[in-house]
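Heads up: the sequence shown at position 83 corresponds to 671 in this note's numbering, and the numbers run straight through without jumps.
Every residue, glycine too, gets a C-beta built ideally from N, C-alpha and C.
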Amino acid sequence: MVHFIHLMAFVLLGINMSKQPQALSDEDFKKVDEAIKDVIEEGRSIRSTFESYYEEKIDITWEVDAAVEAFSIFSSRWTIEILTTLYIAGDRRFNELRKLLRGISSRTLSDKLTKCTETGLVERVVETEKSPIRVTYRLTEHGRRCGQLLGPLVAYQKIKQGRVVRHSI
Numbered sequence: 589m590v591h592f593i594h595l596m597a598f599v600l601l602g603i604n605m606s607k608q609p610q611a612l613s614d615e616d617f618k619k620v621d622e623a624i625k626d627v628i629e630e631g632r633s634i635r636s637t638f639e640s641y642y643e644e645k646i647d648i649t650w651e652v653d654a655a656v657e658a659f660s661i662f663s664s665r666w667t668i669e670i671l672t673t674l675y676i677a678g679d680r681r682f683n684e685l686r687k688l689l690r691g692i693s694s695r696t697l698s699d700k701l702t703k704c705t706e707t708g709l710v711e712r713v714v715e716t717e718k719s720p721i722r723v724t725y726r727l728t729e730h731g732r733r734c735g736q737l738l739g740p741l742v743a744y745q746k747i748k749q750g751r752v753v754r755h756s757i
C-alpha cells in the first residue's frame, strides 16, 4: 500500500503533458489496475448500501444535488492544484506554495487558501514560538482523506489519457 501511495504521488505531480508518458513496469501497472478495480468494487458496495435505504424509487434529484455539492469545492480554479501540492509535497509556507504553483498570483492563492480553510480541507498553522511568526498550511484529516479517495480516480484518468503506460521492453 505504501508503494501505491508513493506511486500515486509521482503520477499526480510528476507528469506534464509536454513530457513523455510515465512508463510503469508490468508488475506496477497491474498493481495500479488492481487497486482501481478494488476501489470500483468498494464504490459499488457503498452505492448499494445507500440504495438499500430507499423504500421506493431512488431520489435522483437528491442524489445529483448531493454529488454536485460534494464535488463543488474541487471545481474552482487552483483548488485542485493547491490540495494536490499539499497532499504530495506536505506542509508548506505561503511563498513555497506560490513558487510550486506556477502562475498563481499571491491574491488568488490567499483567497483559495482561505476558502480551503473554511471548507475544512486545509489548516492554517501559526507558529509563534520564535520570531518571525511562521505560518504554514497543511491538509486536515478531511483534506488527506479526500486526496486518498481521489488518488485512484486520478490514476485511472492518467491511464485513460495515455499519461501513464505499461513499460514495454
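query	result
At least 3 beta-carbon pairs within less than 8 Å: the stretch 666 to 680 vs the stretch 694 to 711	yes
Contact under 9 Å by Cβ, L674 with L727	yes
Assigned secondary structure, Q745 (DSSP; H/G/I helix, E/B strand, else coil)	helix
Helix, strand or coil at Q610 according to DSSP, with G and I counted as helix	strand
Element boundaries [alpha helix (DSSP H), containing L701]	S694 to E706
Beta-carbon proximity list for A611, same chain, < 7 Å, skipping 5 on both sides	V753 and H755
Those residues which DSSP pairs with Y725 across a bridge	R680 and R712
Other residues of its chain near P646: CB distance less than 7 Å, five sequence neighbours each side excluded	Correcting the residue identity first, residue 646 is Ile in this sequence and not Pro. Hits under 7 Å: E639.
Length of the line joining the Cα atoms of V713 and R690	23 Å
E651 - containing alpha helix (DSSP H), residue span	I648 to S660
Residues sharing a beta bridge with R754, DSSP	L612
Candidates G708, S613, E615 and I624, of which the one nearest K748 by Cα	I624
Sub-9 Å separation of F682 and S694 beta-carbons	yes
Local Cβ density within 10 Å of I676, reported as buried at 16 or more and exposed below that	buried
Where E644 falls: helix, strand or coil (DSSP)	coil
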